[in-house]
Structure formats: C-alpha cells, structure tokens
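Novice:
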Amino acid sequence: MSNGTETSVILFSLPGRGRSETLRLMLIMMGKKFDDRRVTINEWREYKKREGLNEDAKLPVLRLKDNSHIVGAVEIGRHLAISLHLFGSSSAEQEEIESIVADVESLQPDLAPVLRATITKNDELRKECWNTYKEEILNPVLEKLTNKLDAKTFFVGDKVSWADFAVAEMLSRYATCFDSFFLSCHPILREHMRNLERMPMLKKYISERPRSAF
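Residue 64 in the UniProt record's numbering sits at position 64 of the sequence shown, with consecutive numbering throughout.
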C-alpha cells in the first residue's frame, strides 16, 4: 500500500473489508502501489459531487493515474485482473474466471439481512439470518466451487488468478465476520484459502490487517 503519492492509484471503499478486500489482495500480491482510502458515506457523497461522478455511483471506486474512475467491485476486479496478469492465458480461461467470480457475486444480494443484523449488533438475529443464508444460499455455491476446484492448486490454469482471490477472500471474510466454523464442512476450499493467504506477498498484510465486522 501507499501513503498516497502522486503516482499511485486510489482505492475508495467503506471502512471494513467487504468486496473491496479482493481488490486489495490483488494489488498487494502483484506489488502494485495504491492509496487505500476508506471513507464514510458523507465523505463519499462529497467526493462524488466534487468529482462530477454519477449520484448513484457506489463504492468501491478505483481512481487511476489519469484521474479517471472505475466504479464497482467487478469492474475494478476485471481491470486489475487484466492489467496485473491475473486473467488467465486464453479466452476460455477468462470465461472460466468470469464464471467463478459470478458465482461469488451471486452470494452478495442475499447477505443483506446478515449484514444489517451484524451492523445493529443484534447477535440473535444475526445467527438466525446467517444459518438461513448458509443453508439456502451459501452451501450450494460452495459445493459448486468445490467441484470446480477439485484437486487443483488454482481454480483456472496453472497460476493464481482473479478467481482464486475472489473465492478465498469471501471464505476468509465470512469465517472472520460471521462464522468461524462453517469452513470445516468445506475442507478443499479451506485449504485453497489457506494456501493463498500463506503466499509471501500476502502473509504479512493478512496477519496485520485490522479486524472487521463486515
């Protein structure tokens, strides 16, 4: 990460990990300097107005060196995957990576009740919402991802890609923020996550990053 030099890109996100964490891991893994700017809702509204961005533009947003902006986790992820060579080595591999990222993204909308209960610190409701989400939404997708990974080291091809970061970060965030035990039922995915987090470029950041509620 960077303290915000003129040459670095800027990643704007809400405080916490969220879907922006995948983007941070990709940047850190590939040694790309960036300014990690976590902002409040009010700060984001002021920035959008000042920069002339659409009112409905939602975080995360990546500001490039030419002061242009890329809006949205998937859009930023795709840009980084291409520019950091984390997007496979053929069109077929790129389609596979996009498919796996789409699997991860499909989990996001139904997570809202869990997030609301977490933010309001309603532990009983959070547990109830999480268990429903886990059984009805999460587990079927994790079974699908397990079948895609099978006995391979990486989801696509013979090197790490955007897909690996997307899956591993989602698993790590859910285990840290919502349920530290659910991964015991998914040992193949758990081992994949651990192997990614042990990579030298990521290990220090992961061990030192602050805890997050979401």
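Ideal Cβ placement from N, Cα and C applies to all residues, glycine included.
Bear in mind that the values here come from a model prediction, so they are computed numbers and not experimental data.
Can you grab the Cα-Cα spacing for the pair residue 233 / A175, in whole Å?
Specialist: This structure leaves residue 233 out entirely; the chain is present only between 1 and 214.
Novice: At a cut of 8 Å, does the region 108 to 119 reach the region 60 to 70 through at least three beta carbon pairs?
Specialist: no
Novice: Take S161 as the anchor and find which of Q94, D36, T132, N54 has the nearest alpha-carbon.
Specialist: Your numbering for residue 161 matches position 161 in the sequence shown. When each option's Cα is compared against that of S161, the closest is Q94.
Novice: Taking the continuous alpha helix (DSSP H) assigned at I82, which residues delimit it?
Specialist: Looking up residue 82 in the sequence shown gives position 82. Here the alpha helix (DSSP H) through I82 covers 73 to 83.
Novice: Take I97 as the anchor and find which of E46, D158, R45 has the nearest alpha-carbon.
Specialist: Taking the first residue of the sequence shown as position 1, residue 97 is located at position 97. Nearest C-alpha to I97: D158.
Novice: Rounding to the nearest angstrom, what Cα-Cα distance links F11 and Y205 in this structure?
Specialist: In the sequence shown, the residue the question calls residue 11 occupies position 11. In the sequence shown, the residue the question calls residue 205 occupies position 205. Looking at the sequence itself, residue 11 is Leu, so the reference to Phe does not match. Answer to the nearest angstrom: the Cα atoms are 16 Å apart.
Novice: By how many angstroms is the C-alpha of P109 removed from the C-alpha of S68?
Specialist: The residue given as residue 68 occupies position 68 in the sequence shown. The residue given as residue 109 occupies position 109 in the sequence shown. Cα to Cα, S68 sits roughly 28 Å from P109.
Novice: What ranges does the alpha helix (DSSP H) occupy inside the UniProt domain "GST C-terminal" (90 to 214), keeping only unbroken runs of at least 4 residues that lie completely in it?
Specialist: 91 to 105, 112 to 119, 123 to 133, 139 to 149, 162 to 177, 187 to 197, 200 to 208
Novice: Is residue 267 helix, strand or coil by DSSP?
Specialist: Nothing can be reported for residue 267: it is not among the residues displayed for the chain, which extend from 1 to 214.
Novice: From F178, R211, S212, F165, pick the residue whose C-alpha is nearest to that of E197; which is it?
Specialist: In the sequence shown, residue 197 corresponds to position 197, counting from 1. Ranking the options by Cα distance to E197, first place goes to F165.
Novice: Per the DSSP calculation, D36 is bridged to which residue(s)?
Specialist: The residue labelled residue 36 in the question sits at position 36 within the sequence shown. Answer is L11, bridged to D36.
Novice: Check for me: the beta strand (DSSP E) holding R63 runs from which residue to which?
Specialist: As a working mapping, residue 63 is identified with position 63 in the sequence shown. 61 to 63 is the span of the beta strand (DSSP E), which, as asked, contains R63.
Novice: Could you tell me whether the Cβ atoms of A163 and V101 are closer together than 8 Å?
Specialist: Position 163 of the sequence shown, counted from the start, is the residue given in the question as residue 163. Position 101 of the sequence shown, counted from the start, is the residue given in the question as residue 101. A contact, by the Cβ cut-off of 8 Å.
Novice: Specify, as a first and last residue, the run of the alpha helix (DSSP H) that E51 falls within.
Specialist: Residue 51 sits at position 51 when you count from the first residue of the sequence shown. Here the alpha helix (DSSP H) through E51 covers 41 to 51.
Novice: Who pairs with I70 in a beta bridge, going by DSSP?
Specialist: Here the question's residue 70 lines up with position 70 in the sequence shown. In the DSSP output, where bridge partners are listed per residue, I70 has L62.
Novice: So R24 is in the alpha helix (DSSP H); what residue range does that whole segment cover?
Specialist: Here residue 24 refers to the residue found at position 24 of the sequence shown. Residues 20 to 29.
Novice: In angstroms, rounded to a whole number, what distance separates the CA positions of residue 249 and R173?
Specialist: Only positions 1 to 214 of the chain appear in the structure, and residue 249 is not among them; the question remains open.
Novice: Between T5 and the rest of its own chain, which residues show a CB-CB distance below 8 Å, the 5 nearest in sequence each way excluded?
Specialist: One-based indexing of the sequence shown puts residue 5 at position 5. The predicted model places T5 with a pLDDT of 45, which falls under 50 and marks its position as unreliable, so this point remains unresolved.
Novice: So the candidates are L84, M193, R38; which of them puts its Cα closest to the Cα of S153?
Specialist: On the sequence shown, position 153 is the one that residue 153 refers to. Reading off the sequence, residue 153 comes out as Thr, not Ser. Closest in C-alpha terms to T153, from the list L84, M193, R38, comes M193.
Novice: With contact counted as at least three CB pairs below 8 Å, one residue from each stretch, are the region 126 to 135 and the region 177 to 188 in contact?
Specialist: yes
Novice: To the nearest angstrom, how far is it from the Cα of E191 to the Cα of L171?
Specialist: Taking the sequence shown and counting its residues from 1, the one referred to as residue 191 is at position 191. Taking the sequence shown and counting its residues from 1, the one referred to as residue 171 is at position 171. Between E191 and L171, the alpha-carbon positions lie close to 11 Å from each other.
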